[in-house]
Amino acid sequence: MKTPQLQIDFNLPIDFTEPFLHKENNSESQKHFDGNIEHFSNQCKKTYTALIKGERLTTTKALLEYGIGHLPRRIKDLTDIYGVKGIESVFIEGKYKEYYININPN
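Residue numbers (the working numbering): -13 to 92.
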């Protein structure tokens, strides 16, 4: 069975300055989100840039090398809000996840 190739446009124009809509589950969390949206957008941009360069990110590497405080949330933002496709993860030593963009899925 032949599996179709995943096409990823690495020149995809993503406007990280465009505010995105997001609804938190309580008012305190929503205030925090609204007050930090620029910071979160910048972290999404850093995450995306690292991934398209071929880096494999763990939460520790993302925090120490890029200042990205909550990598799983930024990955979710990239896929849900910015529509980035092809982000995958694997468990390393069964303890933590490593995120990457799979450019050759076969």
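Heads up, the beta-carbon is just placed ideally off N, CA and C, and yes, glycines get one too.
Report yes if the C-beta distance between residue i and residue j is below 9 Å; otherwise report no.
i	j	result
I37	T45	The sequence given here places Leu at residue 37; Ile does not occur at that position. Cβ distance not < 9 Å, so L37 and T45 don't count as in contact.
Q29	G69	no
I87	G40	yes
Got a sec, what are the start and stop residues for the beta strand (DSSP E) residue i sits in?
i	result
E51	Looking at the DSSP string, E51 is not in any beta strand (DSSP E); the run it does join, the alpha helix (DSSP H), is 45 to 52.
K83	82 to 87
V70	Run containing V70: none; DSSP gives neither H nor E here.
Roughly how many angstroms separate the alpha carbons of residue i and residue j, rounded to a whole number?
i	j	result
G53	S27	13 Å
L49	Y82	14 Å
I89	G72	7 Å
So which of the options has the shortest CA-CA distance to residue i?
i	options	result
R60	S75, K31, I87	K31
Which first and last residues belong to the alpha helix (DSSP H) in which residue i is found?
i	result
K62	57 to 66
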